[in-house]
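Comments concern the structure below.
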Amino acid sequence: MQTLFIFVWWFACIFSTLVTTANISDRYIILLKPDVDIVQHLKFVENLYTKIIADQPDKAYQGITHQYNISDALLGYAGHFDNTTIARLKIHHDVATIESDKVFVAEASVPNAKIPPTYGLGLLSHRGLENMEEYLYDKSAGKGTFGYVVDSGINIKHVEFEKRASKGYNACKPATFEDDNGHGTAMAGLMGSKTFGVAKKTKLIAVKVLNKNEGTTAALLDGYQWAVNDIVKRKRQSKAVVNCSWYGAYSPALNKAVDVAWSQNVTTVVCSGNVGEDADNYSPASAEGAITVGATDWYRKRHPASNWGDPVDIFAAGVNIYSPAHVNKTAIAIGSGTSQAAAYVAGLVLYLKGMKKSKLPDALATKAYVLELATKDVVKDPKGSHNRFVYNGSGK
């Protein structure tokens, strides 16, 4: 076992977690039924849309903007359409669901720095509360694994990542790939940075779906499908995880995407949300195929803002959490929320996959092992959530 002690205090800055606001006017997410010929359907939509807007020369609609295909099990698209086109699609025999696209925006959290900067790692590697400053971990430390961070990007030049972070996919074009918010860099740091990360030797892959503190359901789905398809294509199911530290109002499309990823043996870790409500009403927190994570303080008491209920599988530390920042190569940030807690659990998945190698080949085995290993009945005020706290099996 390796031991990491931290006795220094770092410069702190506030970063954000994400919530949804109102629907975006005339923009929609459309999912298709199984076995639909998506090529033929898209041709139909383009023809329909072209004919209808020909009679509305004063209106500017974009038509189809995104296409979705996760292993042929989730088929769909997003687009900017007039009401007549949507009315026709609602009764089309190919269409399973239609929902309005939404904007995700930032909600700031306020830190209170009076605890060891890596106490979350201490709690993760001990059953009790006595050794918050000590992180015990196996020397494998997630080596040979891959963490897909579906977020605002990663500051890949930060010294904490030791050149193990890379750019994977940008769903926010024409915006740059840079992390202009810091949320993604912080999440990547908790998963795998050298000081603050759970899996200190993992490789981190940035999937940018958020730009300037906001993103759309369409972009989130686009980035998420890229991550899942990349894992499947490269046969990384036994050594990868997708982290989604964002949430919003219930979305059938987002939930189905996570469930389809599960069926393809891809593990997804998500946050429960930060509004202190039933997680059943939020996505992707309510997706059955996710590992959904709530947040506690350093005494393992559920944070009042942490969403609760049956979808919440496990808890991790999520109050006053230190991690790398996006502003330069050495800056450190501090923040609170279920985003941080989820990133810890995503890091644990990588750590365990690195230790167990082929023994955690799929999402089912991975989730079962994470939940089995967890410390039971120590979370105060779980409020209907499963009373489990994340644990790495250190033996302490």
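For the sequence shown, the residue numbers in mature numbering (1 follows the signal peptide of the UniProt record, and there is no 0) are -21 to -1, 1 to 375. Cβ atoms here follow ideal geometry from the backbone N, Cα and C, with glycine treated the same way. Remember, it's a predicted structure, so these values are computed and weren't measured experimentally.
| Check | Outcome |
| --- | --- |
| Hey, threonine 275 and serine 285: beta-carbon distance below 9 Å or not? | yes |
| By Cβ distance, which residues of its chain are closer than 8 Å to arginine 367, with the 5 residues on each side in sequence left out? | Asp292, Ile293, Phe294, Leu350, Ala353, Thr354, Lys355 and Val358 |
| Give the DSSP bridge partners of alanine 269, in chain order. | Thr247 |
| Quick one: what's glutamine 46 bridged to in DSSP? | Tyr56 |
| Need the endpoints of the beta strand (DSSP E) that valine 328 sits in, please. | No beta strand (DSSP E) contains valine 328, which is instead part of the alpha helix (DSSP H) from 317 to 335. |
| Using the DSSP secondary-structure output, state which residues sit across from glycine 171 in a beta bridge. | The partner list for glycine 171 (beta bridge, DSSP) is empty, contrary to what the question assumes. |
| In angstroms, rounded to a whole number, what distance separates the CA positions of aspartate 341 and glycine 123? | 16 Å |
| Roughly how many whole angstroms lie between the Cα atoms of arginine 213 and leucine 183? | 15 Å |
| Can you give me the start and stop residues for the beta strand (DSSP E) that aspartate 130 sits inside? | 125 to 130 |
| Closest to tyrosine 323 by C-alpha separation, out of Ala347, Val369, Asp130 and Lys336, would be which residue? | Val369 |
| Using C-beta distances below 7 Å, list every residue in its chain close to glycine 176, excluding the 5 sequence neighbours before and after it, in chain order. | Gly168, Leu169, Met170 and Gly326 |
| So, helix, strand or coil for proline 231, using DSSP? | helix |
| Out of curiosity, what's the CA-to-CA distance linking leucine 53 and aspartate 209? | 15 Å |
| Give me whichever residues DSSP pairs with proline 303 in a beta bridge. | Ile311 |
| Quick check on this structure: which residue in Tyr330, Ala321 and Asn62 has the alpha carbon closest to the alpha carbon of glycine 42? | Asn62 |
| Measure from the alpha carbon of residue 378 to the alpha carbon of each residue in Ile270, Trp287, Lys69 and Val74, then state which is nearest. | A query on residue 378 cannot be resolved here, the shown segment of the chain reaching from -21 to 375 and no further. |
| On the three-state DSSP scale, how would you describe tyrosine 114? | strand |
| For my contact list, histidine 45 and leucine 233 are in at a C-beta cut-off of 8 Å; report their separation, rounded to the angstrom. | At roughly 13 Å, the Cβ-Cβ gap does not stay under 8 Å, so histidine 45 and leucine 233 are not in contact. |
| What did DSSP end up calling leucine 21 once you bin it into helix, strand or coil? | helix |
| With burial defined as no fewer than 16 other Cβ atoms inside 10 Å of the residue's Cβ, what is the status of asparagine 91: buried or exposed? | Legend: pLDDT at asparagine 91 = 44, less than 50; position of this residue unreliable, no value from coordinates given. |
| Expressed to the nearest angstrom, what Euclidean distance is found between the alpha-carbon atoms of tyrosine 114 and glycine 101? | 5 Å |
| Taking three-plus beta-carbon pairs below 8 Å as touching, is the stretch 220 to 232 in contact with the stretch 123 to 134? | yes |
| Closest to alanine 240 by C-alpha separation, out of Ile3, Ser50 and Ser4, would be which residue? | Ser50 |
| Please state the DSSP three-state secondary structure of isoleucine 210. | helix |
| Report the residue from Gln35, Asp159, Pro96 and Thr345 whose alpha carbon sits nearest the alpha carbon of valine 306. | Asp159 |
| So, lysine 332 versus serine 217, is the Cβ gap smaller than 9 Å? | yes |
| What separation, rounded to the nearest whole angstrom, lies between the Cα atoms of residue 386 and leucine 103? | Nothing about residue 386 can be reported from this structure: the residues present for the chain run from -21 to 375 only. |
| Taking all protein chains shown into account, do 16 or more other C-beta atoms lie within 10 angstroms of the C-beta of threonine 181, making it buried, or fewer, making it exposed? | buried |
| Check this for me: beta carbons of alanine 150 and glycine 202, under 9 Å apart or not? | yes |
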